[in-house]
Every structure is written in C-alpha cells, then in structure tokens.
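*Asks:*
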Amino acid sequence: MIRKGTILFVTVETPLHAGTGAELGIVDLPIQRERHTGWPKVEASGLKGALRESVDLSDGLKRAVFGPEEGDLHSGALVLTDLRILFFPVKSGKGTFAWVTSPEVFARFHRDLAALASMDDEFLAIVEELPEELRENTVIGNGLTVEVNGQSTVLLEEYSFGVNEDDDKLKKFVEWLQKYVFKKQNPRHADLPQKICVVENDMFNDFVKMFTEVITRTKIDQATGTVQTGALWNEEYLPAETIMYSLMMATPLMMKNEEKPEELKNNNPEKEAKKVLQKIKEGLPEYLFLGGNETVGKGLVSLSVIDKTGEAS
Amino acid sequence: MIGMLGMGGNEMKVFKIAPLDPLFFRDPRPFTAGEQDWAGSFPFPWPGTVYGAIRSAILSRREYKKFLTKGYTDIGNPKQKGTFHLRALFLSQNGLYYFPSPAGVGLEKGAKNVCVPTPFYLPEVIFSPVTPEVTEFLYVKKDLKASLPLWISLQGLKEFLNGKTPRYTNLKGNEDFFIPEPKVGIKRDPNTHASELHQLYRAIHYRFLNNVNLTVIVEGIEEETLSGVFTIGGERRTAMVKEESSNPLSLLPPPKFDSSEKRFVLYLATPAIFERGWLPHWVDEETGEGEFEDVKLKLVSAAISSYLVVSGWDVQKKGPKDLYRAVPAGSFYIFEVLEGSLGDVAEVFHKRNISDISPEEGYGFALVGKVFKEVSQ
C-alpha cells in the first residue's frame, strides 16, 4: 500500500514536447494526450526518468528509490502518476495571457488530493482548505476583463464571454495556490490572482486541443545551404506557463533488509516510506529538462512540492 | 490448492478499486527489452493479478521479516498462502454492477432482440470431437451481430440465471467501460542523453471511463479495512481502494427450482483453470458423470468460448507465474442431477470458487441458474 505522498507541481518554463512518436495527421509529432478527454499529459515513465537523471541522490539511494537500471532485483519505492493539466495559458486581449482551467479539471484535482488525504491524515487539512468546486466563467479582479455593454468580459483568443469578477470559490482556490504552490518568493505569486480564469468545460477542451504551439522545423543541407529534401516536419509543444501536477508517492523500500541504505531503513513500514519521500523531496532540483529537444532549449520545467507543514518548496 | 472455496466462516468484505491512471495488464506473450517492442495487454485483470496486488498492499503494512519467517495468518508466507481469499471480481459504474456476458448471448442482427443459446437435442451423435460425448448442443436460432457483448448488468445476469432472456439494455461492450491509451517508451543513456538502441517499446494501457471501477469480494483478511492508494498491474500504475458497505452478490440468490426440474446452469463469473482443460477434475472424461459433495451429476452441454492463456508475475520469485489455459469467464455448463436435489446443487456450487487451480485467487467463481427455454423475446 502507498504510505506517503505529496503533489509535485511542474511549471513549463520553455515549450515542452512529451511526444507519442510520429503519427499520420496534421501534426507530425504530436504531444501525449489523455484518450478520453484530449487533455495534454506527460507519461509517468517520462517524468520518472527525468527525475532519476536530475535528482541529487547517491547512486545507492537512487537504486533504492527508483529501482535498479538493469535487471529486476527489486522495484523502486517511488510511485508517480502521469502529469495532469491544471492550468493552460491562453492569449488574452487584456493582461497578455490567462491561466485557464475548468470545473472538470478542478474536480479531478480535488479527487486526486482526496486520494492522497486517504493515506495521509496530515494532508487532510490541506485538502479541506480547497473549495469543493469551481464555477465556470469566473475571474478575480479586472486583470483580464474589459467592459462590454456594462458586462465584465474576457477576451481569450477568438472567444469572448462575460464573467463574474468576484467569485468566492475561485478566491479560496487562489489563496490555496499562493499558500501551497506559488509562495511569496515565487515570481508568479503576484500575477496569479490577476490571471486565473475558469472557463466552461467545452471551451477548455477547445483551448488545449487547438491552442498548443505547433512549430515547423527543417534540416538544412550543409553543402547547399537549403532545406534537405523531405526534411520538413512540424512538432507540437505545450506552451510555456502551462502548469501540471503529479501525485508523487512512496512505499517502503522493496529490497532485502540487509541491502537497504542505512539512512532510509526503518522497521516501521510507514516511517520508512516517509523517509523515502523526504529524501526525494530533499534531492529534487528546482529545474529539470523533460521531454524531447533538450539541446534546443525545449522542456525546461520548474518543480515544487507541498510538504505537510503547508509550505511549498 | 485444488478444491472449492466459499464456505469459510471468515467475514466477507467488498472493496471498490478506482484507477487513478490508465492501467496496464500485460498478456502472457513474451516482451523482452531489445527483442520485442509491442507489449500486449488486456483491459480487465485476471483475478490472480488483483489477488497479488491486494496481498502486496496488506504486506506493505506488516513486517516483511515476519512474513518471510513465521508468516501471517491471512497472507501466509512466501511458500504458502493464508486465509485471504479473493472470491469474485467484476465491474461497477455509478452503483450498477457488470459481469462477463454468458457465452453465446448476443443481439439479433438488425434488431434489438437478445438471443440466448438454447439446448438442441440430437438423439444420435454420429461423431463428437470431444469426450465426454454430449447429446445436447447449444445453438442460437437467429443471426447475431458480429460483435458479441462482453458485459451484462447484474439485473441482466439475474434474468439469465432465472431462465429468462435479458433485455438488450443490459448488455455492454468493452468500449462502454475502457478506452485504449497507447504509449511509447524509450530508455535514455544517462551519459549521452540519447535514446538507447533497441529500447523503444510500445504498450497499450487502458483508461477506465467515467466512474468505472473494479469491485472485489474478499474474505479472510485481518485488516479492519483497506483504504488508500496502491499499485496494481504493470508499470506500478495506481488505484484507490475503498471498502463498500453493501455486497452486490446478495442480489444474486440461487434461483427457485420446480420439483420437476433436474437440470441447472453453472455459470462462471471469473475464468476457471481446470485440470482437464474445459472439464473440472471431478467430471469423468468418458461418461461425463461426476460426484461432488454427495451430489451426483451428468454433463449435458456447455457453452465455452476459446481458452484464455493465464499467467502473471510472481513478485516474490521475480519471474513469471506458471502458464495455464483457462475457461473464460462467461462460459457456462448445463448439468443434470442424477442423485440429490437442485437445492443441494445450490448449496454446493452457488457463489463458490470451483477452479481446480488457484480458487483462492478468485478463479472459477460460479453461480447456479435455471436452464432457459425461451429463444428470444
């Protein structure tokens, strides 16, 4: 049984391509998506691999936490879910861009946190500070709104719709985010209230399907200085400012007692899992590269987790 | 362990397993890094897979050293299982329950009539490719739609077990519950950061659609309850487990038989692994007669789909489990009572695990029903 867990928040700093391989379609190299919603995601295996490469742990601890690289002596103690979307950035007529979410996205976020709280009582208090739902067509303040015929209106890409600027549930969620995810020292802390917008479910689905970044790339023939024949393709990216999350959980070490690293070993399985999770959090980098095209600057993401004290790190 | 389970005095518990991510239940085809690159999978797990996941989840709360040496009453030790038994495994969605559809049941082509296979008596069998010889065959009068439904609601199953034709609204396909979500994986060389050769793989995970969960009936565990997140199936995918207060099996009592009836249906809600392939070990291969717990029976007919190949992964041994050919869930047999009553039959077979191999892991969960007479509505 999973004994301890937390939420790992991933903010996309440069466009991210977690791909599915080449496909026949408008986009040659699309991003990974959930089959039933079409929402972007990043497979847990990709996230785990990137963490393994970047985390600041000794080889022995890495082997214990992530599992051995070769063979199947034992499995790792770290368990991750796929990265799920929380906010998607959309160009706004006012305020440059909005962090867009939907009642359906938030409902799943709430359910996922409830799952964590079911294994960790200390997490229960954190979950209880969240609103139970978000209402569509809501913002906070006038950072995104213009007045059209006396109605506060938001302009996102080609969409325009009336909003309520003073929604208490959204305010509660933003306060929660500022307390647990984007603390005062985070550069996004001040922008958050002014940029969050809850849209209708269908509109959110449209945004994440139609407004990802699709770039066209070519390969230049070194001899002629022109594009090589057939060397043109397009790639899809999750735009910078996308915010995703994963449930990051730990089990007791899955290895023989005598082989366990001393600093993690504990006869109590729950305490052992707690040590594993703490060690991972301590070794987490602030930034890492995720997905493809790292050498052309793609996929730089920043990480933060919540700990039981409620302070985001 | 060979034998039938279900009469234990241990308290039965019902758990709901709600996936947090798409799940991956690998099929037994070889899949070795660098040799094959497609991993086949199923949307619905074997009972043994769920049994192993729950057993591991319970073990994670205990002392591993004690498990290796003395063991625990419920989960046993590495060499021997304990009192923990998985009885049944099926689907649930929004408070409704779904079981594997009985073999041969389907929708009439071009209509919404449900057809069920009915016995067709041949007085002289000229040639039978199987033993024991059966003189009654099950067939369907009308043309069926190409794709047979794979799931039937609890209400529909109740109708079937009471000898009635289920309504078409009670039948569902896999697409109503699961959606495939293929993924591609690579292995990166930690030094070069390039993909390693021959390490590309593709696997199909299955996402459970809205509010679709697994429901598991277990008994013999010492935990007061199981609640939280655990991993199930391949790639350590996660699911939430929560105890349910009501047992849906209470809605499937054995049917009421007339005193003139001598035959009954034995339906398998989970796959069964029999020593003789499609025949339980207590049925004589030549005569088709058998005796179990003082009830003498004769096999009349059977509706059995193609065998399933069942295996799994032994976490303790870090290797694959033995491979078996199993009778698929949804298969059913028709027996005639030679000595004893149909009341005795229900006592012996209804809600029991009748698999010859690994019944404690949930294989061969059987339900007793009436033989249907109607062909279709």
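Chains A and B supply the protein sequences, listed in that same order. Counted the way our numbering counts, the first sequence spans residues 1 to 313. Counted the way our numbering counts, the second sequence spans residues 1 to 377. All residues carry an ideal CB built from backbone N, CA and C; glycine is no exception.
1. Quick one, which residues of the segment 211-238 of chain B are near chain A if we go by CB-CB under 9 angstroms, in chain order?
2. Keeping to the same chain, check which residues put their C-beta closer than 6 angstroms to that of B/Asn94; ignore five residues upstream and five downstream.
3. On a Cα-Cα basis, can you pick out the residue from B/Asp176, B/Ile204, B/Pro78 that is closest to B/Trp38?
4. Reducing DSSP to helix, strand and coil, say where A/Asp202 ends up.
5. In terms of residue numbering, what span does the beta strand (DSSP E) encompassing A/Trp233 cover?
6. Can you pull the chain B residues whose beta carbon is under 8 angstroms from the beta carbon of A/Glu294, in chain order?
7. Can you list the residues of chain B that A/Glu43 reaches, using a CB-CB cut of under 7 angstroms?
8. Taking the alpha carbon of A/Leu83 as the point to measure from, which residue in A/Glu270, A/Pro261, A/Met244, A/Asn257 has its own alpha carbon closest?
9. Return the CA-CA distance between B/Asp284 and A/Phe66, expressed in angstroms with no decimal places.
10. Any idea which residues DSSP pairs B/Val368 with across the strands?
11. Any Cβ of chain A within less than 8 angstroms of the Cβ of B/Pro180?
12. Is DSSP giving B/Gly76 helix, strand or coil here?
13. Would B/Arg276 be called buried (16 or more neighbouring beta carbons within 10 Å of its own) or exposed?
14. Of the residues that make up the segment 37-60 of chain B, which ones have a beta carbon closer than 7 angstroms to any beta carbon in chain A?
15. Please classify B/His205: does DSSP put it in a helix, a strand, or coil?
16. Beta carbons nearer than 8 angstroms to chain B: which residues of the segment 240-261 of chain A have them?
17. Between A/Phe63 and chain B, is the shortest Cβ-Cβ distance under 8 angstroms, so that the two count as touching?
18. Going by CA-CA distance only, name the one from B/Gly48, B/Pro28, B/Arg61 that's closest to B/Phe365.
19. Taking the beta carbon of B/Val368 as the centre, do at least 16 other beta carbons fall within 10 Å, making it buried, or is it exposed?
20. Alpha carbons only, please: which of A/Leu264, A/Met210, A/Ala223, A/Asn205 is nearest the one belonging to A/Val105?
21. DSSP on A/Leu144, reduced to helix/strand/coil?
22. Going by other Cβ atoms of all chains shown within 10 Å of its Cβ, with 16 needed for buried, is A/Ala50 buried or exposed?
23. Since I believe B/Ser301 is in contact with B/Glu175 (beta carbons under 8 angstroms), could you give me their beta-carbon distance rounded to a whole number of angstroms?
24. In this structure, does DSSP put A/Leu300 in helix, strand or coil?
25. Under 8 angstroms, do A/Ile7 and A/Val305 count as touching if we go by C-beta distance?
26. Would you decide whether A/Thr81 is buried or exposed? Buried here means 16 or more other CB atoms lie within 10 Å of its CB.
27. Does the distance from the C-beta atom of B/Ala269 to that of B/Phe99 stay below 8 angstroms?
28. From B/Gly3 to A/Glu69, what does the alpha carbon distance come to, in whole angstroms?
29. Smallest Cα separation from B/Leu279: which of B/Trp313, B/Asp258, B/Ile357?
30. Within 10 angstroms of its Cβ, does B/Asp322 collect 16 or more other Cβ (buried), or is it exposed?
31. Across which residues does DSSP place A/Ser92 in a beta bridge pair?
*Replies:* Taking the structure as given:
1. Within the segment 211-238 of chain B, the residues whose Cβ lies closer than 9 angstroms to any Cβ of chain A are, in chain order, Leu226, Ser227, Gly228, Val229, Phe230, Thr231, Glu235, Arg236, Arg237, Thr238.
2. The beta carbon of B/Asn94 is closer than 6 angstroms to those of Asn211 in its chain, skipping five residues each way along the sequence.
3. From the listed residues B/Asp176, B/Ile204, B/Pro78, the smallest Cα separation to B/Trp38 is found for B/Ile204.
4. The three-state secondary structure of A/Asp202, taken from DSSP, is helix.
5. Under the DSSP assignment, A/Trp233 falls in the beta strand (DSSP E) whose first and last residues are 227-237.
6. Among the residues of chain B, those whose CB is under 8 angstroms from the CB of A/Glu294 are His193, following chain order.
7. Against chain B, the beta carbon of A/Glu43 has neighbours under 7 angstroms at Lys183, listed in chain order.
8. The residue with the shortest Cα to Cα distance from A/Leu83 is A/Met244.
9. The straight-line gap from Cα to Cα measures roughly 52 angstroms.
10. Paired residue(s): B/Leu266.
11. So, interface residue.
12. It is a strand residue.
13. Flag for B/Arg276 reads exposed.
14. Contact annotation: in the segment 37-60 of chain B, residues whose CB is within less than 7 angstroms of a CB in chain A are Ala57, Ser60.
15. The three-state secondary structure of B/His205, taken from DSSP, is strand.
16. Cβ contacts with chain B: Leu247, Met249, Thr251, Pro252, Asn257.
17. Rather than Phe, the amino acid found at residue 63 of chain A in this sequence is Arg. By this cut-off, A/Arg63 is not an interface position.
18. Distance check between B/Phe365 and each of B/Gly48, B/Pro28, B/Arg61 places B/Gly48 closest, using alpha-carbon atoms only.
19. Burial call: buried.
20. Answer by Cα proximity: A/Asn205.
21. Correct three-state label for A/Leu144: coil.
22. Residue burial annotation: A/Ala50 is buried, with at least 16 other C-beta atoms found within 10 angstroms of its C-beta.
23. Contact check for B/Glu175 and B/Ser301: beta-carbon distance about 31 angstroms, past the 8 angstroms limit, so the pair fails to qualify.
24. Note: A/Leu300 maps to strand in three-state DSSP.
25. In terms of Cβ geometry, A/Ile7 and A/Val305 form a close pair [threshold 8 angstroms].
26. Buried: at least 16 other Cβ atoms inside 10 Å.
27. In contact: B/Ala269 and B/Phe99 (Cβ atoms closer than 8 angstroms).
28. In this predicted model, B/Gly3 has a pLDDT of only 36, less than 50, meaning its place in the structure is not dependable; the value taken from the coordinates is given anyway. A direct Cα-to-Cα measurement between B/Gly3 and A/Glu69 gives close to 42 angstroms.
29. B/Ile357 is the residue among B/Trp313, B/Asp258, B/Ile357 whose C-alpha sits nearest the C-alpha of B/Leu279.
30. By the 10 Å Cβ count, B/Asp322 comes out exposed.
31. In the DSSP output, where bridge partners are listed per residue, A/Ser92 has A/Leu156.
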